[in-house]
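Novice:
Put into structure tokens, the structure is as follows:
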């Protein structure tokens, strides 16, 4: 029996999942993206198992090539969006660390307000 129908089906599932993942990443739905990614990885593993058992013919490979190209393009865009999100989170963590440091520093002053002293050349009344 030819593995072609099963391969077509698996590649279509991968394409569908990659489109959903791309939509989630574009919309900033990170939890949903992660949940969908688990299914995606499972489908990739299943596809790898099938192709190890029986290598697809060159005709099938040629027919699947455009689908695979689209899947890879989607993955590239998802990675780009994830990298941008990671940079955004890193900035937020950095800002939070600075705020905590400032609060800790001012908290150690025990409520005392520091006022600059007048210069020695300025006459006092």
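Residue numbers (this note's numbering): 10 to 134. Don't be surprised by glycine CBs; every beta carbon is placed ideally from N, CA and C. The model shown is predicted, which means the values in this text are computed figures rather than measured ones.
1) What separation, rounded to the nearest whole angstrom, lies between the Cα atoms of residue 90 and residue 126?
2) Let me make sure I understand the geometry here. Which of 19, 98 and 105 has the alpha-carbon closest to that of residue 57?
3) Rounded C-beta distance between residue 23 and residue 44? I'm assuming under 8 Å.
4) With 16 as the cutoff for other CB atoms within 10 Å, does residue 16 come out buried or exposed?
5) Given that a residue counts as buried once 16 or more other Cβ atoms are within 10 Å of its Cβ, and exposed if not, what is residue 87?
6) Would you decide whether residue 98 is buried or exposed? Buried here means 16 or more other CB atoms lie within 10 Å of its CB.
7) I think residue 41 touches residue 26, with their Cβ atoms under 8 Å apart; what is that distance to the nearest whole Å?
8) For a test of the three-state rule: what should DSSP assign to residue 126, helix, strand or coil?
9) Below 8 Å on the Cβ atoms is my guess for residue 69 versus residue 34; work out the distance and round it to an integer in Å.
10) Mapping DSSP to helix, strand and coil, what is residue 37?
11) Could you tell me the alpha carbon to alpha carbon distance between residue 10 and residue 74, rounded to whole angstroms?
12) What's the gap between the Cα of residue 108 and the Cα of residue 46?
Specialist: A quick look at the data gives this:
1) 52 Å
2) 19
3) Actually they do not touch by this definition, with Cβ atoms about 16 Å apart.
4) Taking a 10 Å sphere around the C-beta of residue 16, we find 16 or more other C-beta atoms and assign the residue as buried.
5) buried
6) Classified as exposed, residue 98 has fewer than 16 neighbouring CB atoms from the shown chains inside 10 Å of its CB.
7) That pair is no contact at about 12 Å.
8) coil
9) Going by Cβ atoms, the distance from residue 69 to residue 34 rounds to 30 Å, so no, they are not a contact pair.
10) coil
11) Note that residue 10 scores a pLDDT of 48, beneath 50, so its modelled location is shaky; the value from the coordinates is reported in the next line. Roughly 22 Å between the two C-alpha positions.
12) 34 Å
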